[in-house]
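Read through the structure below, which is laid out as structure tokens, and then see the notes.
Residue numbers (our numbering): 14 to 277.
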């Protein structure tokens with residue numbers, strides 16, 4: 014948990030991490046949010062970071078949504094703040110989970126920041142491998158494979174790349190079960206886009222040079238989203254993590270500007 018020190022808590026944020034990483038990688042983001050009186054909560058999802066379970070594995074993707082719902086309930090009780098002021102922030106796999114949560118529980122949050130959501134996870138997988146994996150998952154769903162996420166595709170910041178390589182809580186594992194659960198969830202997110210609360214204020218980010226998730230998918234989803242207050246920022250010359258890229262100052266300036274406008 015990250016809590017403002019110099020000001021009272023005015024808003025609570027739920028942060029959801031991406032594939033292969035852990036919530037500790039959002040320390041910079043969470044500390045930035047404290048300047049706006051925002052207290053942030055996050056957990057390592059099952060199979061990631063310090064959480065239990067086989068690395069990169071899940072039995073049911075809905076378990077993640079249940080965990081996020083539990084965290085949401087704990088946040089308000091612990092801080093005793095106005096439940097009408099809630100922000101959800103998710104990146105990559107976490108962005109997909111955040112969108113799924115917004116569809117399942119449309120009244121829980123009135124603000125959202127979604128970064129490079131994994132809206133079509135199958136696009137990175139060669140067709141032949143996809144066919145083989147589809148068969149193997151029937152007999153060996155817990156089979157681990159590499160998620161093929163390279164530090165130099167995640168961020169152009171060389172220091173951040175080295176952090177990724179040396180961070181013992183970061184791994185490149187994904188099981189067949191988790192992959193196909195994410196695929197199933199992504200299809201539901203597209204299907205249920207109309208369930209997102211029409212009063213939600215949402216900010217999307219996507220790196221122009223992202224080769225892990227695809228900006229075209231984010232643009233398509235954004236255009237289909239029937240909201241009065243939505244904003245999409247395609248970050249020039251940035252890769253998958255616009256919040257750790259070498260030019261991330263621009264990302265934080267946009268968030269600062271957006272928060273000031275939506276919190277007025």
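Glycine residues also receive a C-beta, built at the ideal position from the N, C-alpha and C atoms.
The structure displayed is predicted, hence computed values, not measured ones.
Nearest CA to the CA of residue i: which residue from the options?
| i | options | result |
| --- | --- | --- |
| residue 32 | 87, 128, 15, 79 | 128 |
| residue 214 | 85, 30, 101 | 101 |
| residue 186 | 70, 254, 35, 206 | 70 |
| residue 52 | 249, 26, 74, 143 | 26 |
| residue 44 | 15, 80, 58 | 15 |
| residue 279 | 63, 264, 242, 193 | It is not possible to answer for residue 279, since the shown part of the chain is limited to 14 through 277. |
| residue 225 | 253, 57, 56 | 253 |
| residue 200 | 179, 175, 180, 230 | 230 |
| residue 82 | 165, 164, 72, 117 | 117 |
| residue 238 | 112, 79, 159, 144 | 112 |
| residue 191 | 228, 264, 39, 147 | 147 |
Residue j and residue i - do their beta-carbons sit closer together than 9 Å?
| i | j | result |
| --- | --- | --- |
| residue 182 | residue 167 | no |
| residue 219 | residue 255 | yes |
| residue 109 | residue 134 | yes |
| residue 98 | residue 24 | yes |
| residue 161 | residue 140 | no |
| residue 247 | residue 266 | no |
| residue 240 | residue 211 | yes |
| residue 126 | residue 271 | yes |
| residue 124 | residue 203 | no |
| residue 36 | residue 56 | yes |
| residue 122 | residue 29 | no |
| residue 268 | residue 216 | yes |
Tell me which same chain residues have a C-beta within less than 7 Å of the C-beta of residue i, skipping the five on either side of it?
| i | result |
| --- | --- |
| residue 156 | 149, 188, 189 |
| residue 250 | 221, 222, 260 |
| residue 173 | 257 |
| residue 301 | Residue 301 cannot be examined here, being either before or after the span of the chain that is shown, 14 to 277. |
| residue 198 | 74, 109, 113 |
State yes or no: is the beta carbon of residue i nearer than 9 Å to at least one beta carbon in chain D?
| i | result |
| --- | --- |
| residue 176 | Protein chains in the displayed structure number just one, and chain D is not present. |
Sorted by chain position, which residues of the same chain lie with C-beta nearer than 6 Å to residue i's C-beta, five sequence neighbours on each side aside?
| i | result |
| --- | --- |
| residue 42 | 256 |
| residue 58 | 77 |
| residue 17 | 47, 50 |
| residue 64 | 57 |
| residue 242 | 214 |
Looking only at DSSP bridge pairs, what is residue i linked to?
| i | result |
| --- | --- |
| residue 247 | 219 |
| residue 25 | 52, 99 |
| residue 158 | 187 |
| residue 242 | 214 |
| residue 126 | 102, 216 |
| residue 15 | 53 |
Skipping 5 residues on each side, what residues in its chain have a beta carbon closer than 8 Å to that of residue i?
| i | result |
| --- | --- |
| residue 68 | 60, 61, 157, 184, 186 |
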